[in-house]
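**Q**
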Amino acid sequence: MSELWRKRNQAYHKMIFKYLRYVLNDHLVLAMMFFVGGVGLAYSSWLSGISSSNLLIRPLVIVATSFAAILGKPVLLLQEPDKIFLLPQENLISKDFVKHSYRLTAFSRFLIMIIVLLIATPLLGLILRMWLLATVFSLQMIFVSLINLKLDYQQFFFNKWKMKWWYKLIGAIAVAMLGLEINPFFSFAITIIIGGLLLLTSDHHGNFDWLSAISFEAKRMNGLYRFFSLFTNVPQLETKSKRRRYLDPLILLLSPKSSSPFEYIYGRTILRGGELGSLVLRLLVIAVLIIGFSSNLELKVLISAVSLYLMAVQAVAVYPQVGQNVLTKIYPLETDVAQKALRKIILKLSIGFSIVLIIASTISMSGFIDLMWIILGQIIVIFLVTLWFIPRYVKKVGEQI
C-alpha cells in the first residue's frame, strides 16, 4: 500500500508541475510580483500608523487565523477502480494509505498556517505585547489546524460522527478569541484537552466509505482541473450540466419555449453547461473590469470589440457539441434550421454582452461622443460575427460532423 501511495503521489505532483508551467507564466509572475509588492507596501504603511487600541486588529487576526485553520482539503489520491481492486485490502487503507494522505495534507496546512501567522506576527506583537505569548498562540492555532484536519478524515469512515466545516470554524474562532482576550497558555491547555478527546474518539478503525472518499477526491481533482483550465486545455476536466435557477429568466429571453428546437438546445447548453457558460462569464467580467476602470477611449473601443468577438468565438462551439449528438440527426427539420438558430442565439448573446459593456463604459466615460464610438464598434463586430463569421464556421464544421 505504501508503494501504491508513492507511485500515485509522484504522478500527482508530476501533473501539478506540468500545469504550473502554464499557470506561472512570465506575465502572471510579473503581475504577481507587482501585486504582492503593492500589498506588502500598503500593509507596511498601515502597520506603521496603528496602535494596540485599534478596533480592527483583534477581529482581523481572529478571522484570518481561524479560516487558515480549516483551509486545505484532504488529498486522498483514490481512483474509481479502487473500490473494487483495493477492497480486499481495506484494513490497510486506514493504516497506510490514509496515514500517508494525512501527512501530505497536514504539511500543506502547516505551510498555510505558517504563512498567515508570519503575516500576522506584527499584529500579534501589538495585541499580546510579549513574543512568548505570540509564539504560544501560534502553536495553538497550528494544533487547531491539525485537529480540524483529523476531523476531516472522519467523513471517509462509517460509524463515525461527522462534523460540518462551520462547526470547525466556530471552534477555531472560539479558541483564537480565548487566546487573545484571556491568555494563550490557558486557551492552549483547553485546546490540548479538547483536541485529545476528539482524537481519541476519531481513531480510524471503522469501515472505509469507498463511495464517499472516491467522490470527494473526484470533486477535489475536478476543481483543480477547472483552475488549470483557465490557463490551458485540460483533457481530464469533467463538466456536468445542471439547472441554474437564477438563470431561468435569461434562458427564457435567450431561447423561449416557442423557439425552434435548436434554439432551445443551444440556449440551455450555453447557460447550463459547465464550460461554455463559465468561459463567457469570465470573459465578460474581465472586459467589464478593464472598460469600467479605463479612461482611454481607444482602449475601451478595442477591448469591447475584441471581447465581443471572443465571446462569439467561444459560444459558437455549441454548434459541433450539439451536432455530434446523433439524435439531432433524426429531427424532421430543414438542414439550415440549426444555422439560423445558432445565428439568433449568438445575436441575442452579443446584444446582451454589448449592453453590459456599454453600461460599464459609462463609469469613466468623458462624453456622449465617446459612448457612440463604443456602440459603433460593437455594432460592426455583431454584423461581422452574424453575417460573415457564423456562416463560414458552420460550413467548415459541418464537413466534419
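Here the sequence shown is numbered in my numbering, starting from 117 and rising by one per residue. Ideal Cβ placement from N, Cα and C applies to all residues, glycine included. Keep in mind it's a predicted model, so treat the numbers as computed, not measured.
#1: Quick check on PRO300: buried or exposed, where buried means 16 or more other Cβ atoms within 10 Å of its Cβ?
#2: Could you tell me whether the stretch 376-385 touches the stretch 435-451, using the rule of 3 or more Cβ pairs below 8 Å?
#3: Would you identify the three-state DSSP class for PHE273, choosing helix, strand or coil?
#4: Could you have a look at PHE223 and say whether DSSP puts it in helix, strand or coil?
#5: So is LYS373 buried or exposed if we call it buried at 16+ other beta carbons inside 10 Å?
#6: Note down the Cα distance separating GLN126 from VAL396, rounded to an integer number of angstroms.
#7: In the DSSP output, what is PHE324 paired with across the bridge?
#8: Keeping to the same chain, check which residues put their C-beta closer than 6 Å to that of GLU333; ignore five residues upstream and five downstream.
#9: Which residues in the same chain as MET293 place their Cβ atom closer than 7 Å to its Cβ, once the five residues preceding and following it in sequence are excluded?
#10: Check each candidate in TYR159, ASP486, LEU316, SER164 and name the one with the smallest Cα separation from LEU415.
#11: From what residue to what residue does the alpha helix (DSSP H) around TRP489 run?
#12: Tell whether a beta-carbon distance below 9 Å holds between SER266 and TYR341.
#13: Going by alpha carbons, who is nearest to LEU172 out of ALA236, ARG137, LEU157, ASP198?
#14: What separation, rounded to the nearest whole angstrom, lies between the Cα atoms of GLY493 and THR444?
#15: Take LEU463 and list the residues in its own chain whose beta-carbon comes closer than 6 Å to its own, dropping the five residues that flank it on each side.
#16: Evaluate contact between the stretch 298-315 and the stretch 244-258, counting only Cβ atoms and requiring at least three cross-stretch pairs below 8 Å.
#17: Taking the alpha-carbon positions, what's the TRP504 to LYS335 distance?
#18: Inspect the beta-carbon positions of PHE343 and LEU400 and report whether they are closer than 9 Å.
#19: Tell me the residue span of the alpha helix (DSSP H) that contains GLN126.
#20: To the nearest angstrom, how far is it from the Cα of LYS215 to the Cα of PHE226?
#21: Taking just the CA atoms, how far does SER466 sit from ILE491?
#22: Taking the alpha-carbon of ALA290 as reference, which of PHE304, MET279, LYS278, LYS280 has the nearest alpha-carbon?
#23: Check whether the Cβ atoms of GLN270 and LYS278 lie closer than 9 Å to each other.
#24: Report all residues from its chain with a CB closer than 6 Å to the CB of SER118; omit the five preceding and five following residues, and keep chain order.
#25: Please confirm whether ILE474 and GLY408 have their CB atoms less than 9 Å apart.
#26: When the Cα of LEU220 is compared with those of LEU366, HIS129, LEU392, ILE496, which residue comes out closest?
#27: In the DSSP assignment, the alpha helix (DSSP H) including TYR435 goes from what residue to what residue?
#28: Would THR385 pass as a contact of VAL434 if the rule is Cβ separation under 9 Å?
#29: Going by Cα to Cα distance, which pick from PRO190, THR181, ASP325 is closest to PHE259?
#30: Hey, how far is the Cα of LEU500 from the Cα of GLY393?
#31: Answer with buried or exposed for THR348, where buried requires no fewer than 16 other C-beta atoms within 10 angstroms of its C-beta.
#32: Helix, strand or coil: which one does DSSP assign to LEU172?
#33: Relative to the C-alpha of MET337, which residue among GLU196, LEU140, PHE484 is closest?
#34: When we look at the beta-carbon of LYS460 and count the other beta-carbons within 10 Å, is it buried (16 or more) or exposed?
#35: Decide if ASP268 is buried, meaning its Cβ has at least 16 other Cβ atoms within 10 Å, or exposed.
**A** The short version:
#1: buried
#2: yes
#3: strand
#4: helix
#5: exposed
#6: 35 Å
#7: PHE273
#8: LEU192, LEU194
#9: Hits under 7 Å: ILE178.
#10: ASP486
#11: Counting along the chain, the alpha helix (DSSP H) containing TRP489 begins and ends at 484-500.
#12: It should be noted that the sequence gives Lys, not Ser, for residue 266. Contact flag unset, no.
#13: ALA236
#14: 36 Å
#15: THR502
#16: In short, these stretches touch, since the Cβ pair count reaches three.
#17: So the alpha carbons of these two residues sit roughly 41 Å apart.
#18: Cβ distance not < 9 Å, so PHE343 and LEU400 don't count as in contact.
#19: 118-139
#20: Our two residues, LYS215 and PHE226, have alpha carbons roughly 16 Å apart in a direct line.
#21: 12 Å
#22: PHE304
#23: yes
#24: ASP212
#25: GLY408 is positioned such that its CB atom lies no closer than 9 Å to that of ILE474.
#26: HIS129
#27: That run of the alpha helix (DSSP H) goes 434-439.
#28: yes
#29: THR181
#30: 22 Å
#31: exposed
#32: coil
#33: GLU196
#34: buried
#35: buried
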